[in-house]
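Everything on this sheet refers to the single structure shown next.
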Amino acid sequence: MRLYTSEGFSHAWDIKGYDMMGKTSIPTLSSSNFKLKTQWYVTFSPKGQRTLIQRPKVNRPRYENVRQDDDFYTLSASVSNCDPAGKTHSHKLSVLLYRCVNGVWFVNDMKSLEVPHSGNAQIKHLIHLSEREKYISNDTMKLHLIGQTIWEKRQ
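Read left to right, the sequence shown gives residues 516 to 670 (our numbering).
Here it is in structure tokens:
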């Protein structure tokens, strides 16, 4: 399968100021395929995210809310402007991960994510902790997002 990195299908995402960054979203990503135009919403938590969990209180029969940090590079995606009633297609988001070698950025890895017609999909471990340093250079990380609509064959 060929992935198109032109503006009509994808978004080059330079994440600058990585060391001070929290959760971030891309401003816009839309893809067009035949007459279907899909709007993508993508968020990225480069240093993990804070989640709310409930745990039992000590010596009391109640629960308390506790915020807990995880250390996952989490990428979330959803789509809009899509008619799920047709069920003639599915959506896939491909993420190209760049690595900087001697000042030149190269694609080093690719991850894919099936995105439902409604709801969110996540890649919890976009980059494992042991590999994070090779994807960051001069406080910058580069990703390239490619939105795909996959049409089913009619019989």
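Note that beta-carbon positions come from the ideal geometry of N, C-alpha and C, so glycine has one too.
If you're wondering where the values come from, they're calculated on a predicted model, not measured in any experiment.
Exercise for the section: Using only alpha-carbon positions, find the residue among E667, K668, I661 that is nearest to Q671. Expected result: Summary: the structure shown does not reach residue 671, with the chain confined to residues 516 through 670, and so no result is reported for it.
Practice task
Identify the continuous beta strand (DSSP E) that holds S662 and give its terminal residues.
Solution key: Correcting the residue identity first, residue 662 is Gly in this sequence and not Ser. Here the beta strand (DSSP E) through G662 covers 655–666.
Handout entry: Q637 versus K538 - alpha carbon distance
Key = Computed Cα separation, rounded: 14 Å.
Handout entry: E629, enclosing beta strand (DSSP E) - first and last residue
Key = 619–630
Problem - Spatial distance of C615 from I651 (CA atoms) - result: 7 Å
Handout entry: Presumed contact (8 Å Cβ cut-off) between Y613 and K649, rounded CB distance
Key = Actually they do not touch by this definition, with Cβ atoms about 10 Å apart.
Practice task
For S540, collect the residues of the same chain with a Cβ closer than 8 Å to its Cβ; drop the 5 residues on either side in sequence, then sort them by chain order.
Solution key: Y556, V557, T558, F559
Practice task
Inspect the beta-carbon positions of L628 and L608 and report whether they are closer than 7 Å.
Solution key: yes
Problem - Pick from P561, S645, K602 that is closest to T589, judged by C-alpha positions - result: P561
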